[in-house]
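**Student:** For the protein sequence lines, the chains are G and H, in the order given. Each residue of the first sequence is one higher than the one before, starting from 2 at the first, in the working numbering. Each residue of the second sequence is one higher than the one before, starting from 2 at the first, in the working numbering.
There are 2 protein chains.
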Amino acid sequence: MTKKPTALEARQEIEKRLQEAGIQPTAQRIAIAQYVLTDADHPTADDIKTWADQNFPKMSLATVYNTLKILVQSGILREFKLPHSDRVIYDTNLSHHFHFLDEKTGALHDIPPEELEIKPRNSKNWDIRQVHVVLVGRK
Amino acid sequence: MTKKPTALEARQEIEKRLQEAGIQPTAQRIAIAQYVLTDADHPTADDIKTWADQNFPKMSLATVYNTLKILVQSGILREFKLPHSDRVIYDTNLSHHFHFLDEKTGALHDIPPEELEIKPRNSKNWDIRQVHVVLVGRK
DNA sequence: CTCTTAATTTAGAATTATTCTAATATTAGA
DNA sequence: TCTAATATTAGAATAATTCTAAATTAAGAG
Numbered sequence: 002m003t004k005k006p007t008a009l010e011a012r013q014e015i016e017k018r019l020q021e022a023g024i025q026p027t028a029q030r031i032a033i034a035q036y037v038l039t040d041a042d043h044p045t046a047d048d049i050k051t052w053a054d055q056n057f058p059k060m061s062l063a064t065v066y067n068t069l070k071i072l073v074q075s076g077i078l079r080e081f082k083l084p085h086s087d088r089v090i091y092d093t094n095l096s097h098h099f100h101f102l103d104e105k106t107g108a109l110h111d112i113p114p115e116e117l118e119i120k121p122r123n124s125k126n127w128d129i130r131q132v133h134v135v136l137v138g139r140k
Numbered sequence: 002m003t004k005k006p007t008a009l010e011a012r013q014e015i016e017k018r019l020q021e022a023g024i025q026p027t028a029q030r031i032a033i034a035q036y037v038l039t040d041a042d043h044p045t046a047d048d049i050k051t052w053a054d055q056n057f058p059k060m061s062l063a064t065v066y067n068t069l070k071i072l073v074q075s076g077i078l079r080e081f082k083l084p085h086s087d088r089v090i091y092d093t094n095l096s097h098h099f100h101f102l103d104e105k106t107g108a109l110h111d112i113p114p115e116e117l118e119i120k121p122r123n124s125k126n127w128d129i130r131q132v133h134v135v136l137v138g139r140k
């Protein structure tokens, strides 16, 4: 039985991850990474800014964007856009998965890879690096 | 052996299609529809504006956007965004297909549905209306 | 410690794609 | 030919994101 990590332990875990990725673990970066990786659900930059305004002494919008860019570059997060909406959405990159967008509510759900079999009959033998799948419909 | 349609015939064909969709076939709309449906390859609104500036007496950017919106609403076109880029891309809706984005060149290629088998193990029995797939990689 | 340099953060301006607005022009139909 | 409805237009407004240049913070050498 694994103990649930305390807030401090979680923070230290995040800090370690940033360091391992060669990212200087500043207070702002730790806060953003912790929020996106543990609490948030497919947040946008704006969601993160709103959260920061309530949970961090002072953080500029530019820092939110800068930090997200760094986290994406280092592979800790991935970013994507939904087929229609305007905003970039951030997602943990821990496990490969697909997305289901509920037309009615706008809610975005993860689809684990086992739920969707994708077989490229890759006749052209292309080198495929990323597979983005968004199913749009109703529950 | 079918004859290749003349420019006039193509224009009339487009006009008929607009009328059937309940869209008033104005000169601007015919021009845009003809370009997107027969000549352009995954254009953005900006591509269409550039083309119009060179091939139509005078057309405002607002008309480009208005017309594209109407064509999408009527099902003649579909629109989507690539996972990373900023612009909406327009595509003919004639046949269901997927996309391959070449990381190196940025070129976007169609993938016919036979090339990619997608099997949702739809345990949740969701009603899926659209399937967006973008493979990103290199040729 | 303390100084110096490099890295980070910041506020606000700039940019980009798209939508809105209100006036003008065109079209369809009586 | 007139009228009402519809479409087009230029330019302003909006929204997400990026850029800029100055101020702050952190890291490492001595």
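C-beta atoms are modelled at their ideal positions from N, C-alpha and C, and glycine is treated no differently.
Tell me the rounded alpha-carbon separation between G:Glu115 and H:Asn94.
**Tutor:** As a first step, residue 115 of chain G is located in the first sequence; it is residue number 114 there, counting from the start. As a first step, residue 94 of chain H is located in the second sequence; it is residue number 93 there, counting from the start. The alpha-carbon atoms of G:Glu115 and H:Asn94 are separated by roughly 30 Å.
**Student:** Does any residue of chain G bring its CB to less than 7 Å from the CB of H:Lys105?
**Tutor:** On the second sequence, position 104 is the one that residue 105 of chain H refers to. H:Lys105 does not count as touching chain G.
**Student:** In chain order, what residues of the same chain have a beta carbon less than 7 Å from the beta carbon of H:Arg143, not counting five sequence neighbours either side?
**Tutor:** In this structure chain H extends from 2 to 140, so residue 143 of chain H is not present and cannot be described.
**Student:** How about H:Ile129 and G:Gly76: are their beta carbons less than 7 Å apart?
**Tutor:** Residue mapping note: residue 129 of chain H aligns to position 128 of the second sequence, counting from 1. Residue mapping note: residue 76 of chain G aligns to position 75 of the first sequence, counting from 1. No, Cβ-Cβ distance for H:Ile129 and G:Gly76 is not below 7 Å.
**Student:** From G:Phe101 to G:Asp47, what does the alpha carbon distance come to, in whole angstroms?
**Tutor:** Residue mapping note: residue 101 of chain G aligns to position 100 of the first sequence, counting from 1. Residue mapping note: residue 47 of chain G aligns to position 46 of the first sequence, counting from 1. Near 21 Å, if we compare the C-alpha coordinates of G:Asp47 and G:Phe101.
**Student:** Anything in chain G within Cβ reach of H:Asp128, meaning under 7 Å, just list it in chain order.
**Tutor:** Reading the second sequence from its first residue, position 127 is the one you call residue 128 of chain H. Result: Gly138 and Arg139.
**Student:** From H:Lys5, H:Thr45 and H:Asn126, pick the residue whose C-alpha is nearest to that of H:Val89; which is it?
**Tutor:** Taking the first residue of the second sequence as position 1, residue 89 of chain H is located at position 88. Closest by alpha carbon: H:Thr45.
**Student:** Buried or exposed, going by whether 16 or more other CB atoms sit within 10 Å of the CB of G:Lys82?
**Tutor:** Numbered from its first residue, the first sequence carries residue 82 of chain G at position 81. Counting Cβ neighbours within 10 Å, G:Lys82 comes out buried, since at least 16 surround it.
**Student:** Please tell me whether G:His133 has its Cβ less than 7 Å away from any Cβ of chain H.
**Tutor:** In the first sequence, counting from the first residue as 1, residue 133 of chain G sits at position 132. At least one chain H Cβ lies under 7 Å of G:His133.
**Student:** List the endpoints of the continuous alpha helix (DSSP H) containing G:Gln55.
**Tutor:** In the first sequence, the residue the question calls residue 55 of chain G occupies position 54. Looking at the DSSP string, the run of the alpha helix (DSSP H) that includes G:Gln55 is Ala46 to Asn56.
**Student:** Unbroken alpha helix (DSSP H) runs of length 4 or more, entirely within the segment 26-104 of chain H: which are they?
**Tutor:** Runs found: 28-35, 46-56 and 62-74.
**Student:** Cβ of G:His43 within 7 Å of Cβ of G:Asp92?
**Tutor:** Counted from its first residue, the first sequence places residue 43 of chain G at position 42. Counted from its first residue, the first sequence places residue 92 of chain G at position 91. Their beta carbons are under 7 Å apart, which means G:His43 touches G:Asp92 by this criterion.
**Student:** Just to confirm my understanding: we take G:Leu72, look at its own chain, exclude 5 residues before and 5 after, and list those with CB closer than 7 Å. What are they?
**Tutor:** Looking up residue 72 of chain G in the first sequence gives position 71. Same-chain partners within the cutoff: Ala34 and Leu78.
**Student:** Since G:His98 contacts G:Pro84 with CB under 8 Å, what's their CB separation in whole angstroms?
**Tutor:** Locating residue 98 of chain G in the first sequence gives position 97, counting from the first residue. Locating residue 84 of chain G in the first sequence gives position 83, counting from the first residue. Actually they do not touch by this definition, with Cβ atoms about 17 Å apart.
**Student:** For G:Asp140, name the three-state secondary structure that DSSP assigns.
**Tutor:** Here residue 140 of chain G corresponds to residue number 139 of the first sequence, with the count starting at 1. Correcting the residue identity first, residue 140 of chain G is Lys in this sequence and not Asp. G:Lys140 falls in the coil class under three-state DSSP.
**Student:** If you drop the 5 nearest sequence neighbours on each side, which residues of the same chain put their C-beta closer than 7 Å to that of G:Thr39?
**Tutor:** Position 38 of the first sequence, counting from 1, holds the residue named residue 39 of chain G. Here the set comprises Ala11.
**Student:** Between the alpha carbons of H:Trp127 and H:Ala28, how many angstroms are there, rounded?
**Tutor:** Position 126 of the second sequence, counting from 1, holds the residue named residue 127 of chain H. Position 27 of the second sequence, counting from 1, holds the residue named residue 28 of chain H. Whole-angstrom Cα-Cα distance: 42 Å.
**Student:** Looking at H:Ala22: is its Cβ nearer than 7 Å to the Cβ of H:Phe57?
**Tutor:** As a first step, residue 22 of chain H is located in the second sequence; it is residue number 21 there, counting from the start. As a first step, residue 57 of chain H is located in the second sequence; it is residue number 56 there, counting from the start. Going by C-beta atoms, H:Ala22 is not nearer than 7 Å to H:Phe57.
**Student:** Taking only three categories from DSSP, how would you classify H:Ile112?
**Tutor:** Taking the first residue of the second sequence as 1, we reach residue 112 of chain H at position 111. H:Ile112: strand per DSSP, three-state reduction.
**Student:** Given that H:Leu82 touches chain G, what residues does it touch there, using C-beta distances under 7 Å?
**Tutor:** For the purposes of this step, residue 82 of chain H is taken as residue 81 along the second sequence, with counting starting at 1. At residue 82 of chain H the sequence reads Lys, which differs from the Leu that was named. Lys82 and Pro84, listed in chain order.
**Student:** Please confirm if H:Ile119 has its CB atom under 7 Å from at least one CB of chain G.
**Tutor:** If you number the second sequence from 1, residue 119 of chain H lands on position 118. Taking Cβ atoms only, chain G reaches closer than 7 Å to H:Ile119, which makes this a yes.
**Student:** Leaving aside the five residues before and after G:Glu104 along the sequence, list all residues of the same chain whose C-beta is less than 7 Å from its C-beta, in chain order.
**Tutor:** Mapped onto the first sequence, residue 104 of chain G falls at position 103. Within the same chain, G:Glu104 has close Cβ partners Val137, Gly138 and Arg139.
**Student:** Please classify G:His12: does DSSP put it in a helix, a strand, or coil?
**Tutor:** The sequence position of residue 12 of chain G within the first sequence is 11, counting from 1. In the sequence on display, residue 12 of chain G carries Arg and not His. If DSSP states are grouped into helix, strand and coil, G:Arg12 belongs with the helices.
**Student:** Does DSSP put H:Arg18 in a helix, a strand or coil?
**Tutor:** Position 17 of the second sequence holds residue 18 of chain H. DSSP places H:Arg18 in helix when its eight states are reduced to three.
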